[in-house]
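Down below is the structure, laid out as structure tokens.
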Amino acid sequence: NITGTPGLATGGSGDILTGLILGLLAQNTEPFAAACAASWLLGTASELAAQETGSAAQLPRDVLAALPGAVNLLYKQSSREYFG
7 NITGTPGLAT GGSGDILTGL ILGLLAQNTE PFAAACAASW LLGTASELAA QETGSAAQLP
67 RDVLAALPGA VNLLYKQSSR EYFG
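By the numbering used here, the letter at position 66 of the sequence shown is numbered 72, and the numbering carries on one by one without gaps.
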């Protein structure tokens, strides 16, 4: 996983990651896949948030606000790979 910004080195980022993993596990996602997807989602959301706030001023709430955009990117990327 090459996603993410230095803005993730703040308190609360691990809590978001844990919540993402648990949410995916609750949907019966395989544990390794849940960890990989959650890590990618968190990193991508951080990158999207950094476009708005810059990574130096990034707060966990900025990453949370960017999560829907990261999920949309994941769905778009997955459907391109699956459907061609």
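The beta carbon of each residue, even a glycine, is placed where N, CA and C say it ideally should be.
Nearest-angstrom Cβ-Cβ length linking Ala44 and Ile27, presumed shorter than 8 Å: In this structure Ala44 is in contact with Ile27, their Cβ atoms being roughly 4 Å apart against a cut-off of 8 Å.
Enclosing alpha helix (DSSP H) for Gly25 [first to last residue]: From DSSP, the alpha helix (DSSP H) with Gly25 extends over 19–32.
Selection from Leu79, Thr59, Pro74, Arg67 that minimises the alpha carbon distance to Gly20: Just measuring C-alpha positions, the residue of Leu79, Thr59, Pro74, Arg67 sitting nearest Gly20 is Arg67.
Leu65 and Thr16 closer than 9 Å at C-beta: Yes, Cβ-Cβ distance for Leu65 and Thr16 is below 9 Å.
Contact under 9 Å by Cβ, Ala72 with Ala51: Yes, the pair counts as a contact, with Cβ atoms nearer than the cut-off.
Cβ neighbour criterion (16 or more within 10 Å) applied to Ala76: Ala76 comes out buried.
Reduced DSSP secondary structure (H/G/I, E/B, other) of Asn7: Secondary structure of Asn7 (DSSP, three-state): coil.
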